[in-house]
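So the protein sequences, as listed, match chains A and B.
Residue numbers 42 to 243, in our numbering, belong to the letters of the first sequence in order.
Residue numbers 130 to 476, in our numbering, belong to the letters of the second sequence in order.
Below you'll find the structure, written out as structure tokens, and then a few comments.
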Amino acid sequence: MVVQALAFYVFAAVATAAGVMVISARNPVHSVLFLILAFFNAAGLFVLLGAEFLAMLLVVVYVGAVAVLFLFVVMMLDINFAELREGFLQYLPIGAVVGVILLAELALVGGSWVLSEGPAEASLPVPDEKMTNTHALGHILYTDYIYLFQAAGLVLLVAMIGAIVLTHRRRTGVHRQRIAAQLDRRREDTLEVVKVPAEGGR
Amino acid sequence: MASFWTAYVWPVAAIVGYILLIVVPLLGCIAYLILAERKVIASMQMRKGPNVVGPFGLFQPVADGLKLLTKETIVPAGANRVVFLLAPMLTFMLALVAWAVIPFDLGWVLADINVGVLYLFAISSLGVYGILMAGWASNSRYPFLGALRSAAQMVSYEVSIGFVIVTVLLCTGSLNLSVIVQAQQGSAGLFSWFWLPLLPMFVVFFVSALAETNRAPFDLPEAEAELVAGYNVEYSAMTFALFFLGEYANMILMSAMTVMLFLGGWLSPVPYEPFTWVPGIVWFALKTALVLFAFLWIRATFPRYRYDQLMRLGWKVFLPLSLLWVVVTAGALVAFDWVPDPVAVPS
Numbered sequence: 042m043v044v045q046a047l048a049f050y051v052f053a054a055v056a057t058a059a060g061v062m063v064i065s066a067r068n069p070v071h072s073v074l075f076l077i078l079a080f081f082n083a084a085g086l087f088v089l090l091g092a093e094f095l096a097m098l099l100v101v102v103y104v105g106a107v108a109v110l111f112l113f114v115v116m117m118l119d120i121n122f123a124e125l126r127e128g129f130l131q132y133l134p135i136g137a138v139v140g141v142i143l144l145a146e147l148a149l150v151g152g153s154w155v156l157s158e159g160p161a162e163a164s165l166p167v168p169d170e171k172m173t174n175t176h177a178l179g180h181i182l183y184t185d186y187i188y189l190f191q192a193a194g195l196v197l198l199v200a201m202i203g204a205i206v207l208t209h210r211r212r213t214g215v216h217r218q219r220i221a222a223q224l225d226r227r228r229e230d231t232l233e234v235v236k237v238p239a240e241g242g243r
Numbered sequence: 130m131a132s133f134w135t136a137y138v139w140p141v142a143a144i145v146g147y148i149l150l151i152v153v154p155l156l157g158c159i160a161y162l163i164l165a166e167r168k169v170i171a172s173m174q175m176r177k178g179p180n181v182v183g184p185f186g187l188f189q190p191v192a193d194g195l196k197l198l199t200k201e202t203i204v205p206a207g208a209n210r211v212v213f214l215l216a217p218m219l220t221f222m223l224a225l226v227a228w229a230v231i232p233f234d235l236g237w238v239l240a241d242i243n244v245g246v247l248y249l250f251a252i253s254s255l256g257v258y259g260i261l262m263a264g265w266a267s268n269s270r271y272p273f274l275g276a277l278r279s280a281a282q283m284v285s286y287e288v289s290i291g292f293v294i295v296t297v298l299l300c301t302g303s304l305n306l307s308v309i310v311q312a313q314q315g316s317a318g319l320f321s322w323f324w325l326p327l328l329p330m331f332v333v334f335f336v337s338a339l340a341e342t343n344r345a346p347f348d349l350p351e352a353e354a355e356l357v358a359g360y361n362v363e364y365s366a367m368t369f370a371l372f373f374l375g376e377y378a379n380m381i382l383m384s385a386m387t388v389m390l391f392l393g394g395w396l397s398p399v400p401y402e403p404f405t406w407v408p409g410i411v412w413f414a415l416k417t418a419l420v421l422f423a424f425l426w427i428r429a430t431f432p433r434y435r436y437d438q439l440m441r442l443g444w445k446v447f448l449p450l451s452l453l454w455v456v457v458t459a460g461a462l463v464a465f466d467w468v469p470d471p472v473a474v475p476s
């Protein structure tokens, strides 16, 4: 138990610290690297909760794919840091006002929120000892929530098609490799064996 | 006080011992894999390969290691120091931590977790960070180009590897690596392993493994002719050695993964005596060596892919093929009522 508590505090502390560093780091690449660290520690917290499948998915999807593309884009940004900092003081009042309003609203909501009795017991599902949590998740997703799951998939499909439609254009004058055409080529189409009469050119 | 020792100190000491038992032989394997690569490629090109240091050049890895250890580590002036030094460490560390879930024999596994395959998949998808960080932190053109190529390549081929893993776990009903290996046990020996019923996926997985480890013919991130040496141009001495060792550790890891998913892990190819007397780890090592030999063979045989061809193969050939095969496998399992029961928690 002590080890688990210790692990929790380590993961939680590192995740929070990394989260703070994401918004405070000067260099955007460092920000993304700290974001990855935060994801990783969140995955660690999932493992501690016994949700190892979600932990692995978090690493595979967010760290392994989404953050890679993030880093990819951010690394190629050409940002002048001095220029960025110039506008800082100019925008500070507006930013501060927005921040204060948000904080006040959050405080109002948080202050008037009364927790119902025994929320911790009610919200925790009872895990089945015989079931791995991969199986349990699949069981819920593909039976009870199958339509919602499919709808989520459709939303992603639409987003993907949208991105392709927005960026795809047919360019002319570009040499493309047409593999089918290359494979279709036969000897008769390209090769001609010519019998040249010997010493006929003389 | 006694409970403190039994509850914390001994288990931790035991785990450290197990880790050393895995990592030390692994490092030896990496060193001799490098030598084996040079020897195999040399003999395919009718050369002798390294043959001066020790008998048959057997001490060559030691000499290389000592050389790299005693050289000076140079950090370029324009480099981002922290990230520059972090990148090789990350690469090497990721290459080693993945071995925690590999079952070398029945029950010979450090962490027998239920999501073993996903863990391996997650760790191998993190490998790209070492390369990206190295390329960016070097603050130099060629490493950066190499890193960009590598990121695009690894993300592309991960997708089809993911689908291959899905087909395998459809056939086993578990993400636990030991269960996956045991599901391949059958009276037909090597013909009941998954490489035969899932042959297209076996090929897709093997080719994707080549791409994932940045090996020939997909070694575009370090294409010598175009990029000098790609992402690790600016690295010297031990920082370079860590990249190099990490790359070879990843090769062994991907071979071990191929063996576990498709070639029956520690199972004997002929399930009768006297072949079953041979310890499982020997079969496991032999099969891994076989796959590794194929890696080297391919490097000595095929020319490098062009970048657009690489992307086409990943996205237009492997992705639709593996997606189709997931559907076909799932359909066949349901139609013939072969769906395996999900395996309960082993503990």
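We treat Cβ as the ideally placed atom computed from N, Cα and C, and that holds for glycine.
Nearest-angstrom Cα separation, counted from residue j out to residue i
| i | j | result |
| --- | --- | --- |
| ILE290 (chain B) | ARG428 (chain B) | 21 Å |
| PHE369 (chain B) | PHE221 (chain B) | 11 Å |
| ARG210 (chain B) | TRP265 (chain B) | 11 Å |
| LEU164 (chain B) | LEU339 (chain B) | 19 Å |
| LEU150 (chain B) | PHE373 (chain B) | 22 Å |
| ALA464 (chain B) | LEU76 (chain A) | 45 Å |
| PHE111 (chain A) | HIS209 (chain A) | 21 Å |
| PRO400 (chain B) | VAL295 (chain B) | 27 Å |
| LEU390 (chain B) | VAL310 (chain B) | 7 Å |
| GLY128 (chain A) | PRO134 (chain A) | 11 Å |
| MET172 (chain A) | ILE142 (chain A) | 47 Å |
| GLN189 (chain B) | LYS177 (chain B) | 13 Å |
| ALA229 (chain B) | LEU249 (chain B) | 9 Å |
| LEU439 (chain B) | GLU351 (chain B) | 14 Å |
| TRP395 (chain B) | ILE410 (chain B) | 6 Å |
| LEU197 (chain B) | LEU371 (chain B) | 10 Å |
Contact with chain B by residue i, beta-carbon distance below 8 Å
| i | result |
| --- | --- |
| GLN45 (chain A) | no |
| PHE113 (chain A) | yes |
| ALA200 (chain A) | no |
| THR231 (chain A) | no |
| GLY105 (chain A) | yes |
| MET116 (chain A) | yes |
| THR184 (chain A) | no |
| VAL109 (chain A) | yes |
Per-residue burial, residue i [other beta carbons within 10 Å of its own, 16 or more giving buried]
| i | result |
| --- | --- |
| ASN82 (chain A) | buried |
| LYS200 (chain B) | exposed |
| HIS176 (chain A) | buried |
| PHE234 (chain A) | The sequence shown places Val at residue 234 (chain A), not Phe. Classification of VAL234 (chain A): exposed, given that the 10 Å Cβ count is below 16. |
| SER476 (chain B) | Residue placement at SER476 (chain B) is flagged as unreliable, the pLDDT there being 42, under the threshold of 50; the coordinate-derived value follows with that caveat. Its Cβ having fewer than 16 others within 10 Å, SER476 (chain B) is exposed. |
| VAL337 (chain B) | The amino acid occupying residue 337 (chain B) in the given sequence is Ser; Val does not appear at that position. Buried. |
| ILE202 (chain A) | exposed |
Cβ-Cβ distance between residue i and residue j below 8 Å
| i | j | result |
| --- | --- | --- |
| ALA160 (chain B) | GLY183 (chain B) | no |
| TYR147 (chain B) | PRO272 (chain B) | no |
| GLU363 (chain B) | SER269 (chain B) | yes |
| VAL152 (chain B) | LEU225 (chain B) | yes |
| PHE323 (chain B) | VAL297 (chain B) | yes |
| VAL357 (chain B) | THR387 (chain B) | no |
| ALA385 (chain B) | THR417 (chain B) | yes |
| ALA79 (chain A) | ALA53 (chain A) | no |
| ASP234 (chain B) | PRO408 (chain B) | yes |
| GLY120 (chain B) | ALA216 (chain B) | Shown here, chain B extends from 130 to 476; a query on residue 120 (chain B) therefore has no answer. |
| PHE447 (chain B) | VAL284 (chain B) | no |
| PHE431 (chain B) | ALA345 (chain B) | yes |
| GLY315 (chain B) | SER321 (chain B) | yes |
| GLY256 (chain A) | ALA251 (chain B) | With chain A covering 42 to 243 only, the question about residue 256 (chain A) has no answer from this structure. |
Any chain A beta carbon closer than 8 Å to residue i
| i | result |
| --- | --- |
| VAL257 (chain B) | yes |
| ASN243 (chain B) | yes |
| TYR147 (chain B) | no |
| SER254 (chain B) | yes |
| PHE250 (chain B) | yes |
| LEU390 (chain B) | no |
| LEU223 (chain B) | no |
| LEU247 (chain B) | yes |
Closer than 7 Å: residue i CB and nearest the ligand FMN heavy atom
| i | result |
| --- | --- |
| VAL104 (chain A) | Of ligands this structure carries none, so the ligand FMN is not represented either. |
Inset, instruction - Could you list the residues in the stretch 261-292 of chain B with a C-beta less than 9 Å from some C-beta on chain A, going in chain order? - result: LEU261, MET262, GLY264, TRP265, ALA266, PHE273, ALA276, LEU277, ALA280, ALA281, MET283, VAL284, GLU287, VAL288 and GLY291
Legend entry - Under 9 Å (Cβ pairs) to chain B, residues found in the stretch 49-75 of chain A: ASN68, VAL70, HIS71 and LEU74
Legend entry - Interface residues of the stretch 300-331 of chain B facing chain A [CB-CB below 9 Å]: GLY302, SER303, LEU304 and ASN305
Inset, instruction - Can you give me, in chain order, the residues of the stretch 205-224 of chain A that have a beta carbon less than 8 Å from any beta carbon in chain B? - result: GLN218 and ILE220
Legend entry - Contact list for the stretch 186-210 of chain B against chain A, Cβ threshold 9 Å: ASN209
Inset, instruction - Give, in chain order, every residue of the stretch 84-101 of chain A whose Cβ lies closer than 7 Å to some Cβ of chain B. - result: GLU93, PHE94, MET97, VAL100 and VAL101
Inset, instruction - Name, going along the chain, the residues of the stretch 436-454 of chain B whose beta-carbon falls closer than 8 Å to a beta-carbon of chain A. - result: ASP437, GLN438 and ARG441
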